[in-house]
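J.: Quick one: structure below, then a few questions.
Protein chains in written order, with the numbering used here: chain A, 215 to 706; chain B, 215 to 706.
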């Protein structure tokens, strides 16, 4: 138990300030986060979004909330300005590979989830697929037509942005944009001549004859617009109004702005009370992303197989790297930063192992509790994970002081230290040792045997044997360190 | 390369005989298999079905076919006689746990897939969900109504079994049953009074007000009948006519019989050319299953946490146990049989390891090629895995003879033996060593160090140390064996 007198405050993009978090229906919290489009491998940017909201999910649960966390899988209808011409990205890939779109989508979904599992990202409670909710999307289009905020044009249906803005004055409420700005960004594209206004966006698109992802609707055989799926699925699993909507900052406009427009005009209310956005990963100052083709996939990080990488970085290293920055700051990729993250992570893993080995005294000369309280305080301040990590390094220093007998700790305090470290490091930050338990245990036993034999050799002043053992271990990728209280070892 | 002059023959439940397999559109093969209903943990029966068709999938690919393998996830509408009253199993569980049905379904889907992954069951190319294909199911109901083989009654739609049978004479084509037999099995249940004939089955059910899984349809707000999803999803991903339809023998009737009825009446053709059914797992002679409540879940097997189990059995042990019986025979569960399977599997894993260590000679005194040819021949004979395994034990014996210098093998033949063993054991049977590569490699290096030190102790006649090392290793769960060519070790 770590004492906590702080309220949780979160930065709400909608109000542009930090607010005290008040759940709509405590102790339940509904959270919807925009998930991946599954037509390719996830990159570091995807990891950041997933990890940010994994931390939010973990911390809300730590505070006692019962969270229903929904993160969608976009497997159809990703219509951005770039591709508002009816050719959606998944279908493009499927044609290329001569595969069924669902097969491509499931292949990449599995790879995405495997990468998330490796980074210890908890599975959301529900991961609904866009293609599994076509009926629900059609119903919302019908509602929008009925309410007068959509119009049919040549078998497609568009959202009427002008009417929405004139009636509600809510256009730009989230992104702070104005319609004029949007128009100037719009290029001449197929389908534009069907729209009343260039800022209007597709709710339903009529499929061209060769378009293979297609469903029946009252307007045409076609497919839903991209913004619609999140409105349909968040409503289905969380209700018309829910607590938190999250996603990457790149989704702020037009995606999230359009979601608000759809909800306001179909249901009469904005969908989410709090809008949270994680910032981007940059590479040499530019956003890392598919469209810029400067991205490194997660599997490339895990294997080191990308020219920009000096070496492989484990999933937990990526996690730690991302958590070392606040989610609303940009985070620049570099090998140096990743190597530093790896080193920092190993130090904290070592600290956690050392807590068990700490010599205990009758009394404690130090008090670790206030530092853990600062960790919770930092989390309550808009999920400030870098401050949490800085405090854990403080703990690490204390543990070393106790190891070196410069400070002392009682058995009871050591037990509390152990528990609190696990709460913050493992449960809230989601860090874990990447070695599996079973193999680690066997390895530990083998190392016990080897270290004992080395000790014996040293006691007998048989330096040749003792040096040989060290050399062989180095070759096996294991470093050993002789300390005051015996020998410790680590995988290099 | 293993020589093969055999055609593949498969037992077709539809014709009740073994037939030469001829693909409809070679080299492509479409295969649909009924997957799990995800309202609880998978048990040994689910494993058998998945493993049977995994073996079929693997072997078809070995023969050079390009297979699209579709296995559905039933997450709604499992309407059997027992629950033909509109209360479907998933919803029941969801209410009980106060969870969203999709959350229950995704929770158990993940557990199912994790268990399948652990048993090295390859993921099917497409795993479609019933709830994701409601529109496609509604379209088939419309077609059946239009063709006169379905009727609406009080907002629900039923399939007209009598009319189907009178028009096509196809009723019982698969299961060999007659309508009278079915009627006598039918109990008086809610909804029965809506039917024209007790044998009629639901295509669409009107939802009662408290029923939370519900979709709009032309007839009512409701949900589709269980048999319909497989017709809709096999058609969508494989076409109206495809090569293989598989499933457990318990699905023969009414499920598969009803699928045929639906396809014949909606599309004018039977869906699959070959119907393959795996037999049941029995416990003390009774079928293992949810309805009999005598099942042991896969996770219970993996952890040993069920009163009927003497110990834990690893996923690969379960795989080997199931492959040791032919898929069309019943397979009785017992601890003895599982322990025997574990022993047999370890022997073959050991054999595979030993192939690398075989001493090579200028010439070979034996020829392993014909035995591998027998393996392929057995697989071509309706996937006769037990005969394959018997032949691998033959190889195991030969390898031991070479180890013991009673036979000899050339370097070229050893390379071929190694390759062929991997083809049959790893690729076709899907067996693998459960230790992960990385931890195994480190462990091997540590063991090298330990064994070298033990050898040194023995050379110096320091028996105390050498015995101590053996004892410590035993405690660590590792057995060592002194052989002619040095020391070998194994995890116990």
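Cβ atoms here follow ideal geometry from the backbone N, Cα and C, with glycine treated the same way.
Excluding the five sequence neighbours on either side, which residues of its own chain have a C-beta within less than 6 Å of the C-beta of residue 704 of chain A, listed in chain order?
T.: Sequence index remark: in the first chain, residue 704 of chain A carries index 490 (1-based). 693, listed in sequence order.
J.: If we count Cβ pairs, one from each stretch, closer than 8 Å, do we get three or more for the region 577–590 of chain A versus the region 611–623 of chain A?
T.: yes
J.: Can you find a C-beta in chain B that's less than 8 Å from the C-beta of residue 683 of chain A?
T.: Residue numbering aside, residue 683 of chain A sits at position 469 when the first chain is read from its first letter. Chain B contact via Cβ: present.
J.: Is residue 529 of chain A near residue 516 of chain A, with beta carbons less than 8 Å apart?
T.: Within the first chain, the letter at position 315 stands for residue 529 of chain A. Within the first chain, the letter at position 302 stands for residue 516 of chain A. Yes, the Cβ-Cβ distance between residue 529 of chain A and residue 516 of chain A is below 8 Å.
J.: Compute the beta-carbon to beta-carbon distance between residue 533 of chain B and residue 334 of chain B, rounded to the nearest angstrom, for a pair I have assumed lies under 8 Å.
T.: On the second chain, residue 533 of chain B is found 319 positions in, with the first residue counted as 1. On the second chain, residue 334 of chain B is found 120 positions in, with the first residue counted as 1. Going by Cβ atoms, the distance from residue 533 of chain B to residue 334 of chain B rounds to 7 Å, so yes, they are a contact pair.
J.: So residue 228 of chain A and residue 387 of chain A are supposed to be a Cβ contact under 8 Å. How far apart are they, rounded?
T.: As a first step, residue 228 of chain A must be located in the first chain, where it is residue number 14. As a first step, residue 387 of chain A must be located in the first chain, where it is residue number 173. Rounded, the Cβ-Cβ distance is 7 Å, consistent with contact.
J.: By a C-beta neighbour count over all protein chains shown, 10 Å radius and 16 as the cutoff for buried, is residue 484 of chain B buried or exposed?
T.: The count along the second chain starts at 1 and reaches residue 484 of chain B at position 270. Buried, since its Cβ has 16 or more Cβ neighbours within 10 Å.
J.: Identify the continuous beta strand (DSSP E) that holds residue 640 of chain A and give its terminal residues.
T.: To locate residue 640 of chain A, count along the first chain from 1; it is residue 426. Looking at the DSSP string, residue 640 of chain A is not in any beta strand (DSSP E), and its letter there is neither H nor E.
J.: Using a beta-carbon distance below 8 Å, is residue 339 of chain A in contact with chain B?
T.: The count along the first chain starts at 1 and reaches residue 339 of chain A at position 125. Yes, contact with chain B.
J.: Does DSSP put residue 433 of chain A in a helix, a strand or coil?
T.: What you label residue 433 of chain A is simply residue 219 of the first chain in a count that begins at 1. Reduced to three states, the DSSP call for residue 433 of chain A is coil.
J.: Within a Cβ cutoff of 6 Å, which residues of the same chain sit near residue 217 of chain B, ignoring the five residues on either side of it in sequence?
T.: Within the second chain, the letter at position 3 stands for residue 217 of chain B. Correct list, in chain order: 587.
J.: When the Cβ atoms of the region 440–450 of chain A are set against those of the region 478–494 of chain A, are three or more pairs found closer than 8 Å?
T.: yes
J.: Checking contacts by CB at 8 Å: is residue 283 of chain A closer than that to chain B?
T.: Locating residue 283 of chain A in the first chain gives position 69, counting from the first residue. No - not a single Cβ of chain B is within 8 Å of the one on residue 283 of chain A.
J.: Report yes or no: do three or more beta-carbon pairs, one from the region 406–416 of chain B and one from the region 231–250 of chain B, lie closer than 8 Å?
T.: no
J.: Between the C-alpha atoms of residue 477 of chain A and residue 638 of chain B, what's the straight-line distance to the nearest angstrom?
T.: As a first step, residue 477 of chain A must be located in the first chain, where it is residue number 263. As a first step, residue 638 of chain B must be located in the second chain, where it is residue number 424. Taking the straight line joining both Cα atoms gives about 57 Å.
J.: Taking all protein chains shown into account, do 16 or more other C-beta atoms lie within 10 angstroms of the C-beta of residue 634 of chain A, making it buried, or fewer, making it exposed?
T.: Reading the first chain from its first residue, position 420 is the one you call residue 634 of chain A. When all chains shown are included, residue 634 of chain A counts as buried.
J.: Where in the region 484–536 of chain B do unbroken runs of the beta strand (DSSP E), each at least 3 residues long, occur, reported from the N-terminal end onward?
T.: 486–492 and 495–497
J.: Taking Cβ positions only, does residue 430 of chain A come closer than 8 Å to chain B?
T.: Taking the first chain and counting its residues from 1, one reaches residue 430 of chain A at position 216. Output row for residue 430 of chain A: interface = yes.
J.: Is residue 581 of chain A helix, strand or coil when you go by DSSP?
T.: Stepping through the first chain from its first residue, residue 581 of chain A is reached at position 367. DSSP, read as helix, strand or coil, puts residue 581 of chain A in coil.
J.: Mind checking if residue 690 of chain B is an interface residue toward chain A, Cβ cutoff 8 Å exclusive?
T.: Here residue 690 of chain B refers to the residue found at position 476 of the second chain. Yes - at least one Cβ of chain A is within 8 Å of the one on residue 690 of chain B.
J.: Please identify the residue among B:444, B:465 and B:559 whose C-alpha is closest to the C-alpha of residue 600 of chain B.
T.: Start at 1 with the first residue of the second chain, and residue 600 of chain B comes out as number 386. Taking only the C-alpha atoms, the option nearest residue 600 of chain B is B:559.
J.: With a threshold of 8 Å between beta carbons, is residue 663 of chain B in contact with chain A?
T.: In the second chain, the residue the question calls residue 663 of chain B occupies position 449. Taking Cβ atoms only, chain A reaches closer than 8 Å to residue 663 of chain B, which makes this a yes.
J.: Given residue 511 of chain A, which residues of its chain have a CB within under 6 Å of its CB, disregarding the five upstream and five downstream residues?
T.: Sequence index remark: in the first chain, residue 511 of chain A carries index 297 (1-based). Taken in chain order, the residues that qualify are 255 and 257.
J.: Could you name the residues of chain B that residue 342 of chain A contacts, counting a contact when the two beta carbons are closer than 8 Å?
T.: Translated into the one-based positions of the first chain, residue 342 of chain A becomes position 128. Per Cβ cutoff of 8 Å: 316.
J.: Please report whether the beta-carbon of residue 488 of chain A lies at a distance below 8 Å from any beta-carbon of chain B.
T.: The sequence position of residue 488 of chain A within the first chain is 274, counting from 1. So no, residue 488 of chain A is outside the interface.
J.: Along the chain, where does the alpha helix (DSSP H) that runs through residue 684 of chain B open and close?
T.: The residue labelled residue 684 of chain B in the question sits at position 470 within the second chain. It spans 677–689 - the alpha helix (DSSP H) in which residue 684 of chain B sits, taken as one unbroken run.
J.: Going by the beta-carbon positions, is the gap between residue 495 of chain B and residue 437 of chain B smaller than 8 Å?
T.: Counted from its first residue, the second chain places residue 495 of chain B at position 281. Counted from its first residue, the second chain places residue 437 of chain B at position 223. Taking 8 Å as the Cβ cut-off, residue 495 of chain B and residue 437 of chain B do not qualify as a contacting pair.
J.: Using the beta-carbon of each residue, which ones in chain A are nearer than 7 Å to residue 348 of chain B?
T.: Within the second chain, residue 348 of chain B is the residue found at index 134, counting from 1. Chain A residues near residue 348 of chain B: 349.
J.: Applying the criterion that 16 or more other CB atoms from any shown protein chain within 10 Å of the CB defines a buried residue, is residue 422 of chain B buried or exposed?
T.: Residue numbering aside, residue 422 of chain B sits at position 208 when the second chain is read from its first letter. Residue 422 of chain B should be labelled exposed.
J.: For chain A, check one thing: does any of its Cβ atoms lie closer than 8 Å to the Cβ of residue 275 of chain B?
T.: Here residue 275 of chain B refers to the residue found at position 61 when the second chain is read from its first residue. Residue 275 of chain B does not count as touching chain A.
J.: Under 7 Å Cβ-Cβ, which residues of chain B neighbour residue 449 of chain A?
T.: Locating residue 449 of chain A in the first chain gives position 235, counting from the first residue. The premise fails here: residue 449 of chain A is roughly 13 Å from chain B at the closest Cβ pair, so nothing lies under 7 Å.
J.: In chain A, what lies closer than 7 Å to residue 686 of chain B by C-beta?
T.: In the second chain, the residue the question calls residue 686 of chain B occupies position 472. Correct list: 663.
J.: Could you pull the start and end residues of the beta strand (DSSP E) that residue 472 of chain A belongs to?
T.: Taking the first chain and counting its residues from 1, one reaches residue 472 of chain A at position 258. Residue 472 of chain A -> not in any beta strand (DSSP E); alpha helix (DSSP H) instead, spanning 471–481.
J.: State the start and end residues of the unbroken alpha helix (DSSP H) segment that holds residue 601 of chain B.
T.: Here residue 601 of chain B corresponds to residue number 387 of the second chain, with the count starting at 1. Run containing residue 601 of chain B: 599–617, per the alpha helix (DSSP H) assignment.
J.: Determine contact between the region 357–370 of chain A and the region 349–363 of chain B, defined as no fewer than three beta-carbon pairs at a distance below 8 Å.
T.: no
J.: Can you tell me which of the three DSSP states residue 620 of chain B falls into?
T.: Residue numbering aside, residue 620 of chain B sits at position 406 when the second chain is read from its first letter. Note: residue 620 of chain B maps to coil in three-state DSSP.
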